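Q:
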Amino acid sequence: MSHLKRSLGIGLWFMFLTLPLMVVRVNTVSREVEWRWSNLVWVGICAFAIAWFWQFSIERRAAQRAKVAAEPHPEKDRPSLAQRLADDPVLSRRVLLAAALIALIFPWAVSTTQNFYHVNVMVSALIFVVLGLGLNITVGLAGLLDLGYIAFFAVGAYTYALLAKGFGLGFWMCLPLGGVMGMLFGVVLGFPILRLRGDYLAIVTLGFGSITKIVLENWDTVFGGAAGIAGIPRPDFFGLPLDGREKSIYTYYIVLALVAVTIFVTNRLKNSRVGRAWMALREDEIACVAMGVDMARTKLSAYALGAFWAGLAGVIFAAHNNFINPDSFTFMDSAMVLAMVVLGGMGSILGVIIASLALKLLPEYLRAFAEYRMLVFGAVMVLMMIFRPQGLINNMRRKYEYDTADVESNDGGK
Amino acid sequence: MAASSTRGGKKLLEVSGLTMDFGGLRAVDNVGLDIHAGEIVALIGPNGAGKTTFFNCVTGIYTPTTGDVRIHTADGATRRINGMKPNRITGLGMARTFQNIRLFPAMTVLENVMIGRHCRTGTTILDAILGTSRSAREERESIDTSYQLLKKVGLADVADEYSRNLSYGAQRRLEIARALATEPFLLLLDEPAAGMNPQETHELDELITRIRDEENVAILLIEHDMKLVMNISDHICVMEYGKEIAQGTPKEIKENPKVIEAYLGEEAHA
Ligand SMILES: Nc1ncnc2c1ncn2[C@@H]1O[C@H](COP(=O)(O)OP(=O)(O)O)[C@@H](O)[C@H]1O
Ligand SMILES: [Mg+2]
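Residue numbers (our numbering), protein chains in the order written: chain A, 1202 to 1615; chain B, 27 to 296.
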């Protein structure tokens, strides 16, 4: 019953807090004060319900924890859905095939020649999937915090914009160049911060992101300043003219292919000598170097590779939008990409994809709720962090096939 | 001193005049120690004597203030390794475990050992992405070697478990397997028996001797368990307040009055 009392208290407290905001409205036209008491009731009821549900969930979670702790064999984690999927190659192949099929049909299914809004939204979302997967290498696998990741995205975007406008280079030429430029900047950033950790790393990367934006804003002669660069050419399709819808769909397929390549590469790396070194670095830096892993090389490669994908995504972003300006590369965007990695589950490819799509698509389709959408969005994030701090998908353990036979048959000393 | 003349085997590690200062604190003060092939050498002394600091200086975690650390590699060359990066030193053939266990908790037991193979393999990022034959071969080799090592330390049946889920004693053995995966000629163990029960300590005793004999690895060991130390070591170095106060065979150490006073204390008088 203490729950009830507390929830009641919280409800009243919220009614009091939101009184000036939700109840009093000054009508400036008729010069009257409106008292919207019904709002107060609604706030009270909602706050009460949420508070009650909140306490209920917290209690249940605590009970669950206690049960797990009391169990005699705590090391047997219950396999998650994702783990079961990964362990069953037939099932996972089928799911993958279905996902690929849906992804391929999607743009034709949801668009008409007049209205291809959904395709464009999806292209933006997929660009952020690439960003999420790229940052996943740096943050999720190697454990190197990067609060200025969007700077590499900007590098890619401006590389394409400048090369295409200034030198008339085509999209396909610029795509790898954008990636390489991102990578170069990754190395440039990587060197000075090799020795940094934790808070210091956060501050330096944050600074790097801000510097990039400030340079773009103020160096008008090269980067067009705050106005940005307009009239960036769309990707060319063997010189064939495309209408608006086809252009969008074409870009969609390009990003989709990039997403597929990113998944493939990350997956390969994750289960390799390089990926294991990244993870070891994340887990314990001292033990990692003491076991013979070259820290400088490992860290730099993680930064460079993360930045590479951001550069590629930047080129596509610039080509898709026709127009870029520094406002697309704010700290908020870096934070957003970081949120995708953290919410998805550090290092988990599937988790990051789901989180990226959700974080990009939810606000877009919540536009109907206008001013409340960021509120809902924030609430979802807070709830996630409280109830699933390890991210959407985690606990994926890689099982290796090994030969259990004894190899040392020629060894005399048994 | 007198004992060193009787020690056989090729000299592997040669530490002389090693000193390490932390600001005003001299944690290690002019310590010298040699390790020969096939030996188990113990480094003992009360808590805070500077044993772990000695390890850290030898393995490159710290750069010693003064002194020389030299290793004699298999090809007969002598190298001074002061100030060398830890990963280079591991690459040259010295591997260690940690007093406060430092595993990779979110990686599986097998993966932990596979990290030890890192410096003996060379798969690059491109190899890994393209899935070259080198990548496949080294991966196979890493897995097999690591699994065999797990068998050796008795952890094969938990190879796919997260290392954080292992018992204390198992974690210490996993650290040994991980260090062995780097193919060292010298293995440095920092209090491997800490937190183990007598049964586990006894098994560890056997494991260490077995590693020395089968893997052809010399061992430098920090340990408080006197029974274990006296049982298995060929040579003992005693430290107190950063200084080396005695060196010799277990028998000599047992009878050394300085050691008895400083370290064994009442235990020896009883
Ligand atoms: N990184 C460090 N900075 C400052 N003092 C240290 C550091 N590491 C160890 N010390 C000090 O050096 C002395 C020796 O420590 P340590 O080598 O850990 O002893 P032991 O391993 O023999 O118990 C202690 O007084 C300890 O406080
Ligand atoms: Mg110690």
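Yeah, the Cβ is synthetic: ideal placement off N, Cα and C, and Gly gets one too.
The structure presented is a predicted model; accordingly, all values stated were derived computationally and were not measured.
#1: Using 8 Å for Cβ pairs, my map puts ARG1207 (chain A) next to GLN1256 (chain A). What's the rounded Cβ distance?
#2: So with CB distances below 7 Å, who are the chain B contacts of GLU1235 (chain A)?
#3: Thinking ARG1469 (chain A) and GLU137 (chain B) are a contact (beta carbons under 8 Å), I'd like their distance in whole angstroms, please.
#4: Let me know the alpha helix (DSSP H) ranges lying completely inside the region 1458 to 1515 of chain A, each 4 residues or longer, listed in chain order.
#5: What's the gap between the Cα of VAL1356 (chain A) and the Cα of LYS77 (chain B)?
#6: Could you name the residues of the same chain whose beta carbon sits closer than 6 Å to that of GLU1235 (chain A), not counting the 5 residues immediately before and after it, in chain order?
#7: For ASP1604 (chain A), return the contacting residues in chain B, with the cut-off set at a CB-CB distance below 8 Å.
#8: So, ILE262 (chain B) versus GLU217 (chain B), is the Cβ gap smaller than 7 Å?
#9: For GLN1591 (chain A), name the three-state secondary structure that DSSP assigns.
#10: Under a criterion of Cβ closer than 5 Å to any non-hydrogen atom of ligand 1, which residues qualify, in chain order?
#11: Between which residues of its own chain and ALA1299 (chain A) is the CB-CB distance below 8 Å, once the five residues before and five after are set aside?
#12: Can you tell which of B:ARG52, B:GLU278, B:VAL67, B:ASN56 has its C-alpha closest to the C-alpha of LYS37 (chain B)?
#13: GLN1284 (chain A): beta carbon under 6 Å from a heavy atom of ligand 2?
#14: MET1586 (chain A) and LEU1560 (chain A) - do their beta-carbons sit closer together than 7 Å?
#15: Anyone know if the C-beta pair for GLY1371 (chain A) and ASP1437 (chain A) falls short of 7 Å?
#16: Counting only Cβ-Cβ distances shorter than 8 Å, please list the residues of the region 1488 to 1504 of chain A near chain B, keeping chain order.
#17: Decide if the region 1519 to 1537 of chain A is in contact with the region 140 to 147 of chain B; the criterion is three or more beta carbon pairs, one per stretch, under 8 Å apart.
#18: Using the C-alpha atoms, what's the distance from SER1502 (chain A) back to ALA1488 (chain A)?
#19: Spell out whether any CB of chain A is found under 7 Å from the CB atom of PRO218 (chain B).
#20: 7 Å is my cut-off, CB to CB: does LEU136 (chain B) come that close to chain A?
#21: For ALA244 (chain B), which of B:GLY58, B:GLY109, B:LEU214, B:THR171 has the nearest alpha-carbon?
#22: To the nearest angstrom, report how far apart GLY1425 (chain A) and GLU1418 (chain A) are at their CA atoms.
#23: Give a yes or no on whether 7 Å exceeds the smallest Cβ distance from SER1473 (chain A) to chain B.
#24: In the DSSP assignment, what are the bridge partners of TYR188 (chain B)?
#25: When the distance is taken between beta carbons, is LEU69 (chain B) closer than 7 Å to LEU212 (chain B)?
#26: Quickly, what does DSSP pair GLY1552 (chain A) with across the bridge? List them, please.
#27: Closest to GLN197 (chain B) by CA distance: which of B:ILE258, B:ARG236, B:VAL135, B:LEU51 is it?
#28: Below 8 Å on the Cβ atoms is my contact criterion, and I expect PHE1353 (chain A) with GLY1512 (chain A) to pass it. Report the Cβ-Cβ distance as a whole number of Å.
#29: DSSP three-state label for HIS228 (chain B), please.
#30: Quick check on THR235 (chain B): does DSSP put it in helix, strand or coil?
#31: Using 7 Å as the limit for Cβ to Cβ distance, is ASP1289 (chain A) near chain B?
#32: Kindly list, in the order they appear in chain D, the residues whose Cβ is closer than 9 Å to that of ALA1481 (chain A).
#33: Among residues of its own chain, excluding the 5 on either side of LYS269 (chain B), which ones have a beta-carbon nearer than 6 Å to its beta-carbon?
#34: If I measure Cβ to Cβ from ALA1403 (chain A) and keep anything under 6 Å in the same chain, skipping five residues before and after, which residues do I get?
#35: Relative to the alpha-carbon of TRP1373 (chain A), which residue among A:ARG1266, A:VAL1460, A:VAL1330, A:GLY1440 has its alpha-carbon at the smallest distance?
#36: Between A:LEU1563, A:ILE1450, A:TYR1573, A:GLY1548, which lies nearest to GLY1344 (chain A) when the distance is taken from Cα to Cα?
A: In this structure, then:
#1: In the first sequence, the residue the question calls residue 1207 (chain A) occupies position 6. In the first sequence, the residue the question calls residue 1256 (chain A) occupies position 55. ARG1207 (chain A) to GLN1256 (chain A), Cβ: 7 Å. Contact.
#2: Within the first sequence, residue 1235 (chain A) is the residue found at index 34, counting from 1. Within 7 Å Cβ-Cβ: nothing; GLU1235 (chain A) doesn't reach chain B, min ~56 Å.
#3: Taking the first residue of the first sequence as position 1, residue 1469 (chain A) is located at position 268. Taking the first residue of the second sequence as position 1, residue 137 (chain B) is located at position 111. Rounded, the Cβ-Cβ distance is 16 Å, inconsistent with contact.
#4: 1474 to 1484, 1486 to 1491
#5: Within the first sequence, the letter at position 155 stands for residue 1356 (chain A). Within the second sequence, the letter at position 51 stands for residue 77 (chain B). Between VAL1356 (chain A) and LYS77 (chain B), the C-alpha separation is close to 50 Å.
#6: Your numbering for residue 1235 (chain A) matches position 34 in the first sequence. Only ARG1226, ASN1228 meet the Cβ criterion.
#7: Working through the first sequence from its first residue, we reach residue 1604 (chain A) at position 403. The contacting residues are ASP170, TYR173.
#8: For this step, residue 262 (chain B) is matched to residue 236 along the second sequence. For this step, residue 217 (chain B) is matched to residue 191 along the second sequence. Cβ atoms of ILE262 (chain B) and GLU217 (chain B): not closer than 7 Å.
#9: In the first sequence, residue 1591 (chain A) corresponds to position 390, counting from 1. Here GLN1591 (chain A) sits in coil by DSSP.
#10: B:PHE48, B:ALA53, B:ASN73, B:GLY74, B:ALA75, B:GLY76, B:LYS77, B:THR78, B:THR79
#11: Reading the first sequence from its first residue, position 98 is the one you call residue 1299 (chain A). Nothing meets the Cβ criterion.
#12: Translated into the one-based positions of the second sequence, residue 37 (chain B) becomes position 11. Minimum Cα distance to LYS37 (chain B) is reached at B:VAL67.
#13: The sequence position of residue 1284 (chain A) within the first sequence is 83, counting from 1. GLN1284 (chain A): no, Cβ never under 6 Å from ligand 2.
#14: Mapped onto the first sequence, residue 1560 (chain A) falls at position 359. Mapped onto the first sequence, residue 1586 (chain A) falls at position 385. No, these two residues do not count as a Cβ contact at 7 Å.
#15: Position 170 of the first sequence, counting from 1, holds the residue named residue 1371 (chain A). Position 236 of the first sequence, counting from 1, holds the residue named residue 1437 (chain A). Contact: yes.
#16: ALA1488, CYS1489, VAL1490, ALA1491, MET1492, GLY1493, VAL1494, ASP1495, MET1496, SER1502
#17: no
#18: In the first sequence, counting from the first residue as 1, residue 1488 (chain A) sits at position 287. In the first sequence, counting from the first residue as 1, residue 1502 (chain A) sits at position 301. So the alpha carbons of these two residues sit roughly 19 Å apart.
#19: Stepping through the second sequence from its first residue, residue 218 (chain B) is reached at position 192. No, PRO218 (chain B) does not count as interfacial toward chain A.
#20: Locating residue 136 (chain B) in the second sequence gives position 110, counting from the first residue. It does; some Cβ of chain A falls within 7 Å.
#21: Taking the first residue of the second sequence as position 1, residue 244 (chain B) is located at position 218. Comparing Cα-Cα distances from ALA244 (chain B) to each of B:GLY58, B:GLY109, B:LEU214, B:THR171, the minimum goes to B:LEU214.
#22: Sequence index remark: in the first sequence, residue 1425 (chain A) carries index 224 (1-based). Sequence index remark: in the first sequence, residue 1418 (chain A) carries index 217 (1-based). Cα to Cα, the separation comes out at about 8 Å.
#23: Here the question's residue 1473 (chain A) lines up with position 272 in the first sequence. Cβ-Cβ to chain B under 7 Å: yes for SER1473 (chain A).
#24: The sequence position of residue 188 (chain B) within the second sequence is 162, counting from 1. BP columns for TYR188 (chain B) point to B:THR134.
#25: Numbered from 1 along the second sequence, position 186 holds the residue referred to as residue 212 (chain B). Numbered from 1 along the second sequence, position 43 holds the residue referred to as residue 69 (chain B). No; because the gap between Cβ atoms is not below 7 Å, this pair is not in contact.
#26: Numbered from its first residue, the first sequence carries residue 1552 (chain A) at position 351. GLY1552 (chain A) is not bridged to any residue.
#27: Within the second sequence, the letter at position 171 stands for residue 197 (chain B). Answer by Cα proximity: B:VAL135.
#28: For the purposes of this step, residue 1353 (chain A) is identified with residue 152 of the first sequence, where counting begins at 1. For the purposes of this step, residue 1512 (chain A) is identified with residue 311 of the first sequence, where counting begins at 1. About 6 Å separates the two Cβ atoms, so the contact holds.
#29: The residue labelled residue 228 (chain B) in the question sits at position 202 within the second sequence. If DSSP states are grouped into helix, strand and coil, HIS228 (chain B) belongs with the helices.
#30: Here residue 235 (chain B) refers to the residue found at position 209 of the second sequence. Here THR235 (chain B) sits in helix by DSSP.
#31: On the first sequence, position 88 is the one that residue 1289 (chain A) refers to. It does not: the Cβ of ASP1289 (chain A) has no partner Cβ on chain B nearer than 7 Å.
#32: This model lacks chain D altogether, as its protein chains are A and B.
#33: Walking along the second sequence from the start, residue 269 (chain B) turns up at place 243. Closer than 6 Å at Cβ, skipping near neighbours: ASP55.
#34: Residue numbering aside, residue 1403 (chain A) sits at position 202 when the first sequence is read from its first letter. Closer than 6 Å at Cβ, skipping near neighbours: LEU1346, LEU1348.
#35: Translated into the one-based positions of the first sequence, residue 1373 (chain A) becomes position 172. That would be A:GLY1440, whose Cα lies nearest to the Cα of TRP1373 (chain A).
#36: As a position in the first sequence, residue 1344 (chain A) is number 143, starting the count at 1. The residue with the shortest Cα to Cα distance from GLY1344 (chain A) is A:GLY1548.
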